[in-house]
Amino acid sequence: MKLILLGPPGAGKGTQAQRLVNKHKIVQLSTGDMLRAAVKAGTPIGIIAKDIMDRGELVPDEVVVGIVADRIEEPDAQKGFILDGFPRTVPQAEALDRMLEEKGLTLDGVIELKVDDGMLLDRIEKRVSDTVARGEPVRADDNPETLKKRLIAYYAQTAPLTAYYAQKGRLSRLDGMASIEQVALAIDRILGAKTAAKASRKVVAPARQASKPARAKASPKKKAASKPKPAKKAVKSVAAKRKKAVRRAAPKKRPGRR
Ligand code: AMP
Numbered sequence: 002m003k004l005i006l007l008g009p010p011g012a013g014k015g016t017q018a019q020r021l022v023n024k025h026k027i028v029q030l031s032t033g034d035m036l037r038a039a040v041k042a043g044t045p046i047g048i049i050a051k052d053i054m055d056r057g058e059l060v061p062d063e064v065v066v067g068i069v070a071d072r073i074e075e076p077d078a079q080k081g082f083i084l085d086g087f088p089r090t091v092p093q094a095e096a097l098d099r100m101l102e103e104k105g106l107t108l109d110g111v112i113e114l115k116v117d118d119g120m121l122l123d124r125i126e127k128r129v130s131d132t133v134a135r136g137e138p139v140r141a142d143d144n145p146e147t148l149k150k151r152l153i154a155y156y157a158q159t160a161p162l163t164a165y166y167a168q169k170g171r172l173s174r175l176d177g178m179a180s181i182e183q184v185a186l187a188i189d190r191i192l193g194a195k196t197a198a199k200a201s202r203k204v205v206a207p208a209r210q211a212s213k214p215a216r217a218k219a220s221p222k223k224k225a226a227s228k229p230k231p232a233k234k235a236v237k238s239v240a241a242k243r244k245k246a247v248r249r250a251a252p253k254k255r256p257g258r259r
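Each residue of the sequence shown is one higher than the one before, counting from 2 in the numbering used here.
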């Protein structure tokens with residue numbers, strides 16, 4: 002299963018991704034987590050990303066696309082993955098499409114969690130207090146000021162992705178304001194419907210193939226029409242060459258002469 006979870010910061014993507022990881026035994030690929038790890042380790046990518054992340058802005062597309070391209074090559078991602086926080090811009094989505102196409106992979110779905118801004122602020126505040134209660138360090142960008150900037154970045158650069166995937170017929174939208182359990186149920190329903198549709202396409206495909214020879218016999222026209230096009234082109238071009246040769250060989254008529 003290859004899935005994208007879309008939604009603003011604090012929409013619950015991480016929570017739902019974790020549940021799906023346990024249920025489907027696939028990996029969660031969170032670009033935010035990967036970038037935070039790079040910052041912590043002080044890698045060249047981490048050095049580029051740190052200030053940008055602290056300001057609540059987006060890390061350049063080429064940096065993030067590079068990280069994801071490397072990550073989905075790893076053995077644990079071969080069974081499937083949930084992309085959480087990626088893609089975040091249309092160029093990232095286009096790069097992902099190219100990446101998947103090169104590998105012969107297709108997305109199983111893109112699920113958007115819709116949550117209004119007031120609730121996002123409440124959730125980020127709760128995330129901060131839970132983190133403090135666990136005695137863990139609070140994320141530098143988890144504060145009301147930076148959240149505002151992250152939301153501006155989300156509406157300007159990430160929200161257009163819903164139109165991108167809706168146009169491709171891949172987008173499912175969910176009310177992310179519901180409880181974690183209700184959102185989880187709704188996601189399962191969407192994924193169940195998608196799996197069923199995929200299975201039925203698989204059943205239909207061999208049956209159609211089996212009926213092909215019979216149809217070809219019954220209709221010679223159809224049989225001719227199903228011939229591969231390059232062969233038809235080749236026949237045409239031979240005929241065209243012959244005509245040209247005849248034209249060349251024939252004496253040219255000049256106006257006014259008999
Ligand atoms: P997140 O944990 O997904 O909220 O991401 C935290 C921060 O990491 C974001 O505010 C961005 O600065 C950066 N980031 C994460 N994913 C991306 C991405 N796909 N493109 C650009 N920046 C990203």
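Positions of the beta carbon are idealized from the N, C-alpha and C atoms, including for glycine. No experiment lies behind these values; they were computed from the predicted model shown.
- The three-state secondary structure of LEU192, taken from DSSP, is helix.
- Ranked by how close their Cα comes to the Cα of ALA167, the residues GLY110, ALA78, ILE83 have GLY110 in first place.
- Between ALA154 and GLU58, the CB-CB gap stays under 7 Å.
- Per DSSP, GLY110 lies in no alpha helix (DSSP H) segment; the continuous beta strand (DSSP E) that holds it begins and ends at 110 to 115.
- At least 7 Å separates the beta-carbon of ASP85 from that of SER173.
- Taking 7 Å as the cut-off, the Cβ atoms of GLY8 and LEU114 count as close.
- At a cut-off of 6 Å, the beta-carbon of THR16 does not count as near the ligand AMP: no heavy atom of the ligand is closer than that.
- Distance from the C-beta of MET54 to the nearest heavy atom of the ligand AMP is below 6 Å.
- The three-state secondary structure of SER180, taken from DSSP, is coil.
- Of the heavy atoms belonging to the ligand AMP, none sits nearer than 6 Å to the Cβ of VAL66.
- In the pairwise beta carbon analysis, the stretch 173 to 193 is classified as touching the stretch 15 to 25: at least three pairs are separated by under 8 Å.
- Where VAL129 is concerned, there is no enclosing beta strand (DSSP E), although the alpha helix (DSSP H) around it starts and stops at 118 to 134.
- Between LYS41 and GLY47 the beta-carbon gap is near 7 Å, inside 8 Å, which marks them as a contact.
- Per DSSP, the beta bridge partners of LYS3 are PHE82.
- About 7 Å separates the CB atoms of LEU108 and ILE5; that is less than 8 Å, so the two are in contact.
- In the structure shown, the three-state DSSP call for ARG72 is helix.
- Contact between VAL139 and THR132 holds, with the beta-carbon distance rounding to 5 Å and staying under 8 Å.
- The nearest non-hydrogen atom of the ligand AMP is 6 Å or more from the C-beta of THR147.
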